[in-house]
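The structure appears below as structure tokens.
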Amino acid sequence: MSPGAAGVATRVAFGDLAGDDRAKRGAIEAAVSRVLGSGWFILGEEVRRFEEEFASALGVRHVVGCANGTEAVALALAAAGARPGDEVVLPANTCTATLAGARMAGARPVLADADPETLTLDTAAAGRAATAATRFFLPVHLYGGVADVEGLGALACARGALVVEDCAQSHGATWKGRATGGFGRAAAFSFYPSKNLGAYGDGGAVATNDADVAARLRELRQYGWTRRDFAEREGWNSRLDELQAAILRAKLPYLERENARRREIAERYDAAFAGLPLTLVATRPGSIPARHLYPVRVSNRDAFREHLAARGIETGIHYPVPLHLHPAYAFLGHRRGDFPVAEAACDTTVSLPIRPALADPQVEAVAAAVRSFFEKTR
Ligand SMILES: *Cc1c(COP(=O)(O)O)cnc(C)c1O
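First residue of the sequence shown: 5, per our numbering; consecutive thereafter.
Here it is, written out as structure tokens:
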């Protein structure tokens with residue numbers, strides 16, 4: 005069978021948002037229609053109820069909606085007390101949004117390398133990177149895997165610093181039965197459409213167990229207002245809108261089931277790839293990952309991606325360039341070689357399709373295409 009013919013038979017898109025939501029379409033349309041009929045579009049009943057429902061799903065006291073995940077990082081740091089010049093230690097291998105958010109809060113970012121097994125912020129490296137000015141550790145639960153919340157919590161505590169989590173990829177992931185989003189002073193979530201819980205546009209939220217942080221978040225997201233037309237301290241504008249909140253409310257009840265399906269697919273891949281000369285990204289013992297992405301590590305990534313593409317299987321790279329090698333962040337003063345684990349991850353990881361709506365034959369097609377690559381090149 006020619007690769008072209010196989011491609012037609014087994015096409016597996018990396019992302020298919022409309023397909024993923026087909027079963028939820030009725031509930032989403034009803035939610036949109038409810039908001040259109042209400043005539044109320046900013047900070048109303050839908051946002052309030054989504055905040056309650058998401059807080060309850062996470063097991064945290066407060067959730068405050070905002071405009072996107074990047075601003076959620078900035079708001080989380082600011083509400084947790086970040087002042088201009090405060091140092092924030094974050095991993096060198098994350099989405100640029102994590103760093104952009106820290107910068108928006110006026111913080112001074114300090115990069116640290118990742119742990120080679122899980123590719124999340126390495127606690128020992130974070131400790132070495134920290135200085136007397138370090139006030140925050142900002143781990144990212146990358147790919148939906150849980151970062152070392154215990155080690156980083158202890159490190160922060162010993163240094164009189166705080167943990168703020170980036171949960172943009174970890175909606176519903178747990179460690180020892182507790183959801184990510186409750187392990188630090190505050191936690192940032194993104195509802196970018198492709199996230200495990202995604203809106204139909206931009207959206208974000210900050211979770212916290214601290215009532216003062218929650219109150220400050222509510223001021224910051226709307227001009228600094230403590231009451232209508234009155235600002236006690238300076239604020240921004242970063243609001244979740246009613247339409248997005250209503251859509252998120254319609255989708256939230258599916259999150260757990262969808263995460264379970266993601267894990268089922270990941271387990272299928274894990275089993276299919278045992279013994280192949282590729283490296284899996286480990287998940288932390290005691291954690292239940294959200295499997296936002298399923299990266300594998302291969303030495304000849306371009307050939308690997310071409311082989312899969314020829315069989316109709318799309319892949320992605322998360323992420324091709326570590327933070328310190330973006331021209332925008334040259335001012336951090338790093339160069340290639342400074343974060344070898346992050347650099348190697350960026351050079352070798354390739355993400356396979358892992359969407360809850362993938363059918364078993366599609367999962368099998370991905371697994372077979374991966375296996376055939378190594379049979380061909382052996
Ligand atoms: C998606 C993402 C963000 C930013 O989210 P936006 O809603 O696009 O601003 C932040 N951090 C990580 C790790 C992400 O994956």
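We put the CB at the ideal spot given by N, CA and C, even for glycine.
Note that the structure is a prediction, hence the values are computed from the model and not measured.
Query: Ignore the nearest five residues each way along the sequence and tell me which others in VAL325's own chain have a CB closer than 8 Å to its CB.; Result: CYS350
Query: Just tell me which of THR319, HIS338, ALA307 has its CA closest to the CA of LYS380.; Result: ALA307
Query: Please report how far the alpha carbon of GLU50 lies from the alpha carbon of ILE317, in whole angstroms.; Result: 38 Å
Query: In the DSSP assignment, find the alpha helix (DSSP H) that holds ALA209 and state where it starts and stops.; Result: From DSSP, ALA209 is part of no alpha helix (DSSP H) but of the beta strand (DSSP E) over 208-212.
Query: Apart from the five residues on each side of it in sequence, which residues of its chain come closer than 7 Å, Cβ to Cβ, to GLU246?; Result: VAL39, TRP44, PHE45, ILE46, GLY48, GLU50, VAL51
Query: From VAL345 to ASN97, what distance separates their C-alpha atoms?; Result: 9 Å
Query: In chain order, what residues of the same chain lie with their CB nearer than 7 Å to the CB of ALA250, ignoring the 5 residues before and after it?; Result: ALA35, VAL36, ARG38, VAL39, GLU50
Query: Indicate, with yes or no, if ligand 1 has a heavy atom lying under 7 Å from the CB of ARG161.; Result: Before going further, note that residue 161 is Cys rather than Arg in the sequence given. No.
Query: Give the secondary structure of SER194 by DSSP, where H, G and I count as helix, E and B as strand, and everything else as coil.; Result: strand
Query: Take SER291 and list the residues in its own chain whose beta-carbon comes closer than 6 Å to its own, dropping the five residues that flank it on each side.; Result: VAL150, TRP179
Query: Measuring only from the beta carbon, is THR353 closer than 7 Å to any heavy atom that is part of ligand 1?; Result: no
Query: So, for ALA270: in the same chain, excluding its five sequence neighbours on each side, which residues have a beta-carbon less than 8 Å away from its beta-carbon?; Result: PRO293, ARG295, TYR298, ILE358
Query: Residues in its own chain within less than 8 Å of PRO261 by CB, not counting five upstream and five downstream?; Result: First, the residue type needs correcting, since residue 261 is Arg and not Pro in the sequence shown. If we look at ARG261 and ignore the five residues flanking it on each side, its Cβ neighbours are PRO360.
Query: Given 7 Å as the limit, tell me if GLY205 has its C-beta closer than that to any heavy atom belonging to ligand 1.; Result: no
Query: Please report the straight-line C-alpha distance between GLY207 and VAL367, rounded to a whole angstrom.; Result: 30 Å
Query: By the 10 Å Cβ neighbour count, where 16 or more other Cβ atoms means buried, how is ARG232 classified, buried or exposed?; Result: exposed
Query: Helix or strand or just coil, what does DSSP make of ASP233?; Result: coil
Query: ASP126: which of PRO143, GLY110, THR138, TYR258 sits nearest, CA to CA?; Result: PRO143
Query: Helix, strand or coil for CYS171 per DSSP?; Result: coil
Query: Run through the stretch 102-142 for me and flag every whole beta strand (DSSP E) of 3 or more residues, listed as ranges in chain order.; Result: 112-116, 138-141
Query: Roughly how many angstroms lie between the CA atoms of ARG29 and ALA17, to the nearest whole one?; Result: 20 Å
Query: In the DSSP output, what is ILE46 paired with across the bridge?; Result: ASP245
Query: Hey, quick one: how far does the beta strand (DSSP E) through THR353 stretch, first residue to last?; Result: 353-356
Query: Got a sec? Which residues, its chain only, sit under 8 Å from ASP25 by beta carbon, not counting five neighbours each side?; Result: ILE32, LYS255
Query: Between LYS211 and GLY186, how many whole angstroms is the CB-CB distance? I'm expecting something under 8 Å.; Result: The identity of residue 211 in the sequence shown is Ala, whereas the question assumes Lys. With a Cβ gap of about 7 Å, ALA211 and GLY186 count as contacting.
Query: Run through the DSSP bridge pairs and tell me what GLY178 is partnered with.; Result: The question names Gly, but residue 178 is Thr in the sequence shown. DSSP, once it has assigned bridges, lists ALA183, ILE292 as partnering THR178.
Query: Tell me, to the nearest whole angstrom, how far the beta carbon of VAL300 is from that of VAL354; I am working on the premise that it is less than 8 Å.; Result: 6 Å
Query: Short of 6 Å in beta carbon distance, which residues of its chain neighbour VAL67, apart from the five on each side in sequence? Order them along the chain.; Result: GLU55, PHE58, ALA59, ALA209, ALA211
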